[in-house]
Every structure is written in C-alpha cells, then in structure tokens.
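A short write-up of the structure that comes next.
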Amino acid sequence: MQYNFNEIEAKWQKYWAENQTFKADNPAQSKVEGNIEKPKFYVLDMFPYPSGAGLHVGHPLGYIASDIYARYKRHKGFNVMHPQGYDSFGLPAEQYAIQTGQHPAITTAENIKTYRRQLDQIGFSFDWSREVRTSDPKYYKWTQWIFIQIFNSWYNKETDKAEDIETLIAAFEKDGNTAVNAVCDDAIETFSAADWNSFSDKRKQEVLLQYRLTYLAETEVNWCPALGTVLANDEIVNGVSERGGHPVVRKKMTQWSMRISAYAQRLLDGLEKIDWPQPLKDSQTNWIGRSQGASAVFNVNEHDAVIDVFTTRPDTIFGVSFMTLAPEHDLVSQITTPEQKAEVEAYIEATAKRSERDRMADVKTISGAFTGAYAEHPFSKEPIPIWIGDYVLAGYGTGAVMSVPCGDQRDYDFAKHFNIPIPNIFEGVDISEEAFADKGKTVIANSDFLNGLPYKKAMKLAIYELEKLGQGEGKINYRLRDAVFSRQRYWGEPFPVYYVDGMPQMIAPEHLPIALPEVEKYLPTETGEPPLGNAEVWAWDTVANKVVNNSEINNNTVWPLELNTMPGWAGSSQYFNRYMDPTNEEEIFSKEAMNYWQDVDLYIGGSEHATGHLLYSRFWQKFMFDKGFVPKDEFAKKLINQGMITGTSAFVYTLSIELKDGESTTLYTEPTFHYFTKSLIDKLENQEIDPAVQKVIDQVVDKYKEQWGEKTYWNKNINIHKTHVDISMVNSSDELNMDAFQKWRPENEGVTFVVENGKYIVGREVEKMSKSKYNVVNPDEICEEYGADSLRLYEMFLGPLEQSKPWNTAGITGTHGFLKKLWRLYVPFMDGSLSEDTERSRSEAEVKPTKDNLKTLHKTIKKVEEDIENFSFNTSVSTFMICVNELSTQKCTSKEILEALAILVSPYAPHIAEELWSQLGNSKSISTAPFPAFDASYLVESSKEYPISFNGKMRFKLELPLDMSKDQIEEVVMAHEKTQQQLQGRTPKKVIIVPGKIVNIVG
RNA sequence: GCUCGAGUGGUGGAAUUGGUAGACACGUUGGACUUAAAAUCCAAUGGACAUUAGUCCGUAUGGGUUCAAGUCCCAUCUCGAGUACCA
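Residue numbers for the first sequence follow this note's numbering, so the first one is 19 and each next one is one higher.
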C-alpha cells in the first residue's frame, strides 16, 4: 500500500473539521460548571492580516511550531486552547478600495477565504469555533466598549492604578484638584472644590479630559500626506511611514490619545516577570526610555517667565554656560529681543522646512540662533545666554536643556561652533578636545558647594539644594509618549463618540456596536475631513439611540458622530482575551471563562511587533487588570519570536564587453546576449578566462573590427551582469530549464547558453522572499507535491525556530523520504492491498518488542520530549529519522512500538500519524492518546565504548564494562597493544579516567 | 555611534554540566535495479598527505586557562537585528 499523502491529508482534515476534534472546552459549557478536570493550556499565534498575496512558506513557520506544541500538550492531558483569527482592519484593503471602489469588507472576506484554505491544508489544530475578525461588528463592539472604559478612567498615582472617573469627580467636589495626585496633562490650573462646583458643565468636561486615560487634545502628530492620516511613532521607520515609505511631517491636530505614559514604570517593571526574548524586552525598555535625574527651573531675566529643564546630570549644574530651547518652544517668541528677532525667525522657518528625515540624516551640521535673552543661574545668579537649536527636540522632556558643554558632547560641539565659553568643572580632566561624560570617574570642581564630590553624591546634593530653593526636584523622565489613537481612515473601528457643543460624549455601551457607515468614496472629503465625512447616515440620535441621517442633526437631540477611526492596534490589543469567550454577546468575556483560561501560556509571532502590538497590548492588559476585568496584569507568560524564512534566489549571467582605447576612453560596450553557466563566471571572477568565454569575446571583438576597422585594443573590460530568474525554472541541482527560460519572456527567445556538460547551472543567493526577486515559494504547491506533513517537518527541520534561515525546496525530499520510510514500517499491519513480500495477517506480523526496539523507542521518547519542552523542534525531527532508520534496520514489527511511535510523531506530522494509528486498529483520533511514558530502565547499559585519547586527541575506542573501577580501566588500557603503539616506549605522566566518559593519557 | 545576537564541511544545521567535532538531512560521486527515465536501495563524502595500516591540519582570527576548549577568559575581525541628537 502506497503512502498516498494527498488522499490521507484530505481525509483527516475533513475528519477533524466534522468532529470538532480540536474544540477546547470552556468552563460554562462543561457539565460541572467552572470545573474542568483537565488543566488549561493556552497556545496563541499572532493572528495574521489577510493580505491579497496569500501565504508563502515563510508565514506558517510559527504556526507549525505552536501547533506542534498545542498537539503535544493535548497528548499530555491538557485542555488546550489554540485559536486563530484575523486582524482584518488595515491599510492595504483600503488603498485597494480607493483605487477600485471595491468595498474593503469584500476584498477582506475574499482574502480571508484564501488564508483559511491555505491554513486548513497545512493541518493546523485550530479551534475555529473561536475565530475572531477585528473588522466584524460583533467583535469591534468590544473594542468600542474598552475605549469607553478607558475614557471613563483616570490614573491615580497614589494607588498606582486606573480608577473610575467618578472617584475623581468626587475628589474634585470635595477638595478641588490640589489634593489629587493624578497622571494628567502638563499645564493644569488648580481649582478648589468651590471652583469646581461653580464650573459650567462644559468646563467640567474640559477639565476631566485633561485627566482621562484617553483624551481629546490638540497634539503635535506625525502627519503622512500620502496616506492622508496620522501615524503613531512606531509606525514610522527612519522618518518615513512604515507602510509605503512616504514622508511624514509634524502637524498640530485635535486627536484622541491614549495616556500610555501613565503606565511607563509598570510596563518596565512587568518585563521582569515574563519569559519573553531578551532583544524584545530590550527594545521595549529602550522605547520606554526611563532616565533618572532632576528638573530644574531657570528664571528668565527681564521676563515673567521660567525655563523648565530636565537633566540627568544635576551634578554639573555649575558647568552650564548657555541654555538651548527647541525652535518650536513656546517661550521663543516671547523672549527674543528685537535685535535677534530676524535671525531667530529665519532659523525657525529654516528648521520647519526641513523634514524629519533630513534632520535625522544630517546630525553633524550644527545650527542654532541666539535669542538675545538671558536666564539666571539658580545658584550663582550669573546670566546665561538663551539659544535655540534643532538638536533639542520639542517632543522630549520639556523641549529645553541646560547646556553643559564640558560634560555633554552635543553641547560641547554647539559651544565650539558658536564660540560660547566651555567652563571646566571636572577635577583633573582635559576638555580641550572633547567633553568628559564618564560618570564613574567624575570629581566635581569649580562648583561651589559641590566641589570635590563624586558624581553620585554631587547629584544628590544638587537636587537637595535645588529643592531648598524651590527651583527643582529629583525626577524620572520617560521617552514613551502618549499614543495617538485617531486615524483619518475609513477601514477601522468607528469611535462610539458624538459631539455636543464640540465636547465628546460616549454612547452608552448597550447601544454598541456603532457600525461603520457606507460611503461613496474612501478618500477624505473636499473640506479635508476624514473619509467618514462622506457618510450621509452618520449622526447620533440621543432619544432613539441610533445612528441617523446627517440631515436630522438639530444640535439638540441629534448630534454629529466622530469622523476618525481607531488605529490598527486597537483590535489586536485584547483579542487574546476575547478568544476565551468569543461569542459572548452580553459581556466581553465571562468571569468563568477568564478565571479558567487566565492568560496565554505560549505566544508565538514575529519580532517586528516588539514596540507596537506587544507594548499596547500590555498597556491595555494592565488597564483591564486595574479595573478588575482580568486576573493577570501580563497577558502572555512566554513569548517566542520565530525567525524569518528567507528565499534562495537564482541568477543567470550575461557579460558585456567594454573596449577601451588606452587607459580610459570607452570606445564601445557590447552585451554578448550569451548566458554563461555559473562555473565560467566563477572563473572570470578569479581573472581566469575559459576558452568558451574567450570564443564569445573574440566574436564580439571581431564584429567590432568589421565595423570599425583594425585597431589595437589593449584594454578590454568584461562586466558581469546577473539577473533574477524564477526559481520554478531551476531544479534541485541548480540546473536551469533552458526551454522554459526562453519562453519566460519574449526577449529571451533565441538566447544562447554557454553551458558545461550540457547543463546551465544558475547562481544562488539568499534574499528576503519577494515577488520581485522571483524566489517566492507557495505552500500550496509544496502540499500538492509532497504533502502537508512533509512541509511541516521540513519547516521545523530547517533549523532553530528563532533563527532566520533560507528556504531551499530541494531539501524537502529528506523529510518526505523519512515519511515514506515511516509508512513502510507499518505496511505489515495494513488492510487489503499488502504488497506481495509483506503479505501476512496482522496477528502474524505482530511480534513482541525486542530489547533493541525498546531501547530505540525510549531514547526517542526522552529526546523528543526534551526537545519539545525546549522548543528545539529541528533536533526532534532528526531524532525521528534516527529512530525510523534504526527500527527499519531492526525490522521491527511490534505493534506496541509502532503505536507509541505514531503518537510521538503526531504533533509534527498529524495526518500520517492519524492514518497509521487507525491502520493499527484504533478508532478514536490519535490526538486523544496519551503521550508515551519514558522508561529509563530500557536505556541502562552494561558497557561503554570508551574513547581512548592521548594528549586530548582520540586515537582509538575500547569497549569496557561500566562497572569497572578506575584502576581496572587503567590497567586494561595501559596493557592494550594500541596504547603501547601510541606511547612508543614513553612513560605517561598522567592518566585521566572519567568513568563512563573518557580516558586521556598524557605524556 | 550605541545595545544585543551570531560566525562550525559544498549547503541547512547537530554536539545537555568543558570529555569521541561534523549527528540528521540536502547536494555530489560511484554502484544495484530498469530497454530507458523516475522512484527505490547500497556505498563513499571536512581538508591535505598516505594507495595498507596510518599521519598532520581543522569550529572567523590571535592569545590564554585546562589532562582535555566549538563550548570558559581576553583582544581583534566580519555579518545580522534593533535603535539613533533622549539632555
């Protein structure tokens, strides 16, 4: 009986779907409420954005790994939840809609269909009954619900958690805002209880907005004109948009923001208790950017104004020789003197024109302008000139720095450039060439009360003295900014918000979801409103509690709705919790479900989400924790980043011949229109011209001579050109299908190949998989030709999960061959079409396992179990191969052994395992079978083949009993003829014997 | 520039606390079967010398610790990822 993988895989995929084999039990659904016998295990993949291109072989890598783990945990007796869904709001579908008019919901649904088909054919054990789609109103109802929760909350620094806004209102009514210690906007006016109670309703709402965890405020945002939307910091890479690479400019706009900065410290602390990859933790730490120092206040001379600065080096405060403000700083226009006005304004204009990208690319050019104003040093009372410079960023800290040129290289460079004095406040340090920033070696000098102190002490004392003056305090600063939450796009979650007199109002949760309205065009309106401005039915009726036509807006009971939509990360920030109870229409998830599932045990996905999805999700989780909705403040215990699978591009080579007269003048460049096989190119690169190449070159030169007459060409340059060729035209031995190549493109017709042994060998290079490089490998084709089980095994076999590694389809014959070999072991137990030489009955075939059989099996169990626990899937595939090779050699026909082996293999190659399991006579799915127990007694050895080394080099091996003593071993080894041969009469200085390991003879 | 990670055959990669380097595959070469091809099976396969036994060199490079180093320590080089005026 043949291993007919296509048939087997289709059969079992159908079986799993029909029997809901991988449906995870929920506490509420089980017989005994809240008490499922099995312990829970939650395995999660980062859900995909369903793009139009479908999957390539790189995409399922992480899904295969998580699937193996999920299936393994089922064998180990866990109630495993392994859900999958779609992050289906996003820019590509909308861009496509703008171009074609096709509704994004339609393209998205089509793409999801393709994804589902591709996922199904790989045989994942997903519980599809839990599927979520972020663009489904039934799902985004809860995204809107969370938004309302966040809006109705503030952050209490005293309790260090989010609290209901009602508690803040109560505090205001009682004591005003002076006693409240909250995370809020920067410039807040203080008010008493009496003030508060006398405020108008609108005024109260304005004040509360400054405290809410999501708030509407005019903020400086990253505006991307090409995409017509704002972008969050993590959506910008190198000053251009992550998607599309469009330029981004700074712009002030009224936007929803999320007060993630309130959670900066907890997001940092939380990293210590989760098992996530260090690089990922590092980049989150970096992104949060905690720095400890002090704030200091400098009074501005002749103005009623102060400059607030943040510094990490308050110990160097006596080294200040100037102040620098960001050009955008509010004070600049106020304090600039009439004489300096022209220069300052010109400078501000010049910096505004420079894009973010230019500013970043050009960090070496020093520029700035003097405002003409002076600040007063808090201690020395000396006047300090105030400058502006674009090396100070408006968005970080207070947008102003106290410049200490002797201790900071940027300040130093600025001072040098503008001839500002550089006072030295470090003992015994030369600062004539560069600034001195080594905190460890710092001893302060020329600094009044700080003289002679090292860094730490000086820092403490400086802060103490600043506090005494009332001009500063110790402070911790974070780089993390509040996250802009509005997008001027169509294809996203609508906000559950309407506006009364310009003030945002939440729609009551019982009226959710607020579904996306239909629009004619997906572009911004003529007046520059977001696409939802095109909707005709987009007003909120507060009486009927429903969305009505805009014409009904009466500014009394019917009000306009919010026109922005939520960003891509809104829907993905709590999806892992919704999976626990995905169809619940009453609440986001039931208490029972949440208490049972708790958190994600294993989360697998790409490292590109380090500072986006994974930071925002942790933020929302902490919020949900504060409000008592979830029991854990970190949502995923363990996270693994799978590496990228790169493509192996193929290249063909042509030459062009450049004829030069004398040293430099190019007379003529001639492409040869011949394709040369790789080895000839290799030779050329080593300055070696093969006769076959020479012939072509001569032809070109002859042709030239015919046209131009005889000349001496003493300089012939040969240039090699390589072109990508579609990898489907290349076989596993790198041979090009020359016929196919000629037909590939019209211009290839009739080209000549210069071959070796009749074969054209292409060049190979590892590159990112992409259409333009013609190196994309589609899993559909692999499944068709080799089967999903071969694909799964091969993806794991390629190398460690976290590492990036190149795909090479040729290698799949290895794992495919293994499966065939595995199959053959079971043939004696198969019904009907037994091959002639194995024609036996089952009972005849079955024999008792031999000692060797058991040894092979149990060493496989041990290794595979260890490997899975360590996520070392590549090595367990090798272990299976060794196991099958051994059992084949042993001609094993023990049902006991083969049953256990089928279970071991089943997480990796589930289809063949199910088939073999049923052929052995089992009627239930193999996924219900317990994992074989390891028994060490089968591995006990009585002897060991000792490596005998001389001076650390292994020379020969000797089989010795394991119970032999050190002395006995030495005796036997020394007496051995090969030992004497090695020593050649010398007496060894030392003999090292590690029983059970090694013998080393020194001398 | 800074932070982190990695360098092992022609290729992907093994090597658990320092203890037989190159497991397992791919590819290559030779052989069997076949009219032929495919498939399958068998054998060889780090390099150099040695046609037998065997010897020497080999885990990016140079040092060091050790009876013993891919593994530990120091320095250097190369590649990859992240980050980038963060005061």
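Positions of the beta carbon are idealized from the N, C-alpha and C atoms, including for glycine.
On a predicted model such as this, the values are computed, not experimentally measured, just so you know.
- In the structure shown, P1006 falls within a coil segment according to DSSP collapsed to helix, strand and coil.
- The continuous beta strand (DSSP E) containing V239 extends over residues 232-242.
- Residue pairing of P401 in beta bridges, as defined by DSSP: E394.
- Setting aside the 5 residues that flank it on each side, W587 is surrounded in the same chain by G630, H631, Y634, each with a C-beta closer than 7 Å to its C-beta; the list follows chain order.
- G623 is bridged by DSSP to N659.
- Between I140 and E813, the gap from beta carbon to beta carbon reaches 7 Å or more.
- C-alpha of T329 to C-alpha of A418: approximately 10 Å in a straight line.
- Scanning P441, Y482, E452 for the CA closest to the CA of N464 turns up P441.
- Beyond the five residues adjoining it in sequence on each side, K962 comes within less than 7 Å, by CB distance, of L978, L980, G1014 in the same chain, given in chain order.
- Between F388 and E394, the alpha-carbon positions lie close to 16 Å from each other.
- E238 is a Cβ neighbour of R268, given a cutoff of 7 Å.
- Apart from sequence neighbours up to five positions away, the residues of its chain that approach M662 with a beta-carbon distance below 7 Å are G76, S822, ordered along the chain.
- Burial state of G70 is exposed, judged by a 10 Å Cβ sphere holding fewer than 16 other Cβ atoms.
- Per DSSP, the beta bridge partners of T342 are W405, V419.
- The alpha-carbon of A115 is positioned some 18 Å away from that of M584.
- A residue is called buried when at least 16 other Cβ atoms come within 10 angstroms of its Cβ; L957 does not meet this threshold and is exposed.
- Shown here for A654: same chain residues with a beta carbon closer than 6 Å to its own, the five before and five after excluded, namely V618, Y621 in chain order.
- Per the Cβ contact rule, the segment 839-849 is in contact with the segment 914-932 (3 or more Cβ pairs under 8 Å).
- Looking only at A28, I738, I438, K656, the smallest Cα-Cα distance to S674 is reached by I738.
- When the Cα atoms are used, T833 and M972 turn out to be separated by approximately 33 Å.
- Taking 8 Å as the upper bound for CB-CB distance, S398 and F336 are in contact here, some 7 Å apart.
- In this structure F974 touches I966 by the C-beta definition: roughly 5 Å separates them, less than 8 Å.
- Listed in chain order, the non-local C-beta contacts of H93 below 8 Å within the same chain comprise I921, S924, P925, S945, A947, P948, F949, local neighbours out to five positions each way being set aside.
- In the DSSP annotation of this structure, the continuous segment of the alpha helix (DSSP H) that includes K609 starts and ends at 609-615.
- A Cβ-Cβ distance of about 38 Å is found for the pair L934 and Y792, leaving them out of contact under the 8 Å criterion.
- At a Cβ-Cβ threshold of 7 Å, S504 and W274 count as neighbours.
- Inclusion of V324 and G490 in the CB contact set at 7 Å is not warranted, their separation being larger than that value.
- Around the beta-carbon of R89, 16 or more other beta-carbon atoms lie within 10 Å, marking it buried.
- The secondary-structure analysis by DSSP pairs S961 across a beta bridge with P979.
- Rounded to the nearest angstrom, the gap between the Cα atoms of E207 and P101 is 49 Å.
- A direct Cα-Cα distance of roughly 56 Å separates P396 from P66.
- Checking the DSSP bridge columns, you'll see L62 partnered with Y621.
- Scanning its chain for C-beta atoms nearer than 7 Å, with the 5 sequence neighbours on each side dropped, one finds around E785 the residues T664, G665, S667, K791, N793, in chain order.
- With three or more CB-CB distances shorter than 8 Å, the segment 592-606 counts as touching the segment 147-164.
- The beta carbon of A562 is closer than 6 Å to none in its chain, skipping five residues each way along the sequence.
- Around the beta carbon of E932, a 10 Å sphere encloses 16 or more other beta carbons of the protein chains shown; the residue is thus reported as buried.
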